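K.L.:
Anchor point for the sequence shown: position 42 equals 42 in our numbering, and the numbering is continuous, going up by one each time.
Where a beta carbon is used, it is the ideal one built from N, C-alpha and C, also for glycine.
Given the structure is predicted, the values throughout are model-derived calculations rather than measurements.
Quick one: the structure is below, and I'll ask about it shortly.
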Amino acid sequence: MTTPMAKISQQTRMIESAKKELISVKGVCRVISLDTADLENIRKLEILDEQNGCRVIGRKHNAGIRRALCSDVVLSLMVNKEYDWPINTIKLYHKGKMIGEDIQDHNTINDFSEHADPFIMGNIVFYDKESVRNSNIDDPICMFITAQPCPRLDALGGISDAVMAIPSRYTHEYLQLKICGDQKQMLGSFLVGFNIDKRASAPFSIDDDQISMSIKDRKCQLPL
């Protein structure tokens with residue numbers, strides 16, 4: 001039978017293994033642990049961000065943050081310009097239909113700009129102009145920020161359900177202040193959550209037609 005102290009020691013080793021693996025990724029300049037107080041502060045900041053929404057688009061739903069904050073362990077990454085930033089992390093929905101997404105390939109964006117129907121805003125392409133016109137405060141477009149898998153951590157023994165999340169600018173600024181390092185080198189931040197010796201009972205899925213997430217522990221949920 002494993003004693004409580006042995007479990008704590010085992011978890012500490014797993015966390016250190018995860019941090020070692022993450023810091024080895026090109027462009028990752030800091031990996032820090034987040035304690036209970038940090039997570040509570042981040043939860044409040046993310047609630048504030050979702051309540052404020054997106055001024056241009058409408059409501060906001062950060063699926064990655066919701067998932068990460070429900071994990072057994074949550075770490076933070078700070079990255080520099082060498083980091084290979086994840087692509088297609090934003091999906092835009094209206095009346096249950098995906099009407100747009102972020103696209104990083106400038107050639108693809110230029111191709112869309114040559115057609116009449118798509119509406120382009122920065123690196124976000126709206127495929128359906130009518131949905132943009134018809135959306136309003138009572139029937140807004142919803143911006144979903146997707147959760148990203150983290151197979152490098154899932155490959156480590158004893159770790160499962162690893163997920164990366166893109167936090168709000170509020171949380172990014174909070175993490176910068178916490179680290180107090182050379183902030184000019186830190187261009188972005190992520191939260192990484194994972195479970196110890198178990199699999200989540202509520203899997204999440206991300207595809208082109210639907211984004212769904214169901215977590216039984218309601219205290220983990222951020223309000224829409």
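Please specify which runs of the beta strand (DSSP E), each continuous and at least 3 residues long, are wholly inside the stretch 5 to 92, giving them in chain order.
P.N.:
Counting whole runs of 3 or more residues, the stretch 5 to 92 contains the beta strand (DSSP E) stretches 28 to 33, 58 to 62 and 73 to 79.
K.L.:
Name, in chain order, the residues that DSSP records as bridge partners for residue 101.
P.N.:
91 and 125
K.L.:
Hey, quick one: how far does the beta strand (DSSP E) through residue 191 stretch, first residue to last?
P.N.:
Residues 188 to 196.
K.L.:
Do residue 144 and residue 299 come within 8 Å of each other at the CB atom, strictly closer than that value?
P.N.:
It is not possible to answer for residue 299, since the shown part of the chain is limited to 1 through 224.
K.L.:
Which stretch, first to last residue, makes up the beta strand (DSSP E) that contains residue 160?
P.N.:
That run of the beta strand (DSSP E) goes 159 to 165.
K.L.:
Do you know offhand how far residue 15's Cα is from residue 3's?
P.N.:
19 Å
K.L.:
Mind checking which residues open and close the alpha helix (DSSP H) that includes residue 179?
P.N.:
169 to 179
K.L.:
Could you tell me whether the stretch 134 to 142 touches the stretch 156 to 171, where touching means 3 or more Cβ pairs closer than 8 Å?
P.N.:
no
K.L.:
Identify, in the order they occur along the chain, each residue of the same chain with its Cβ nearer than 8 Å to the Cβ of residue 150, setting aside the five sequence neighbours on each side.
P.N.:
Annotation for residue 150: 162, 163, 164, 192 and 194 place their beta carbon closer than 8 Å to its own, counting only its chain and skipping 5 residues before and after.
K.L.:
If contact is defined by three or more beta carbon pairs under 8 Å, each pair taking one atom from either stretch, is the stretch 24 to 32 in contact with the stretch 80 to 99?
P.N.:
In short, these stretches touch, since the Cβ pair count reaches three.
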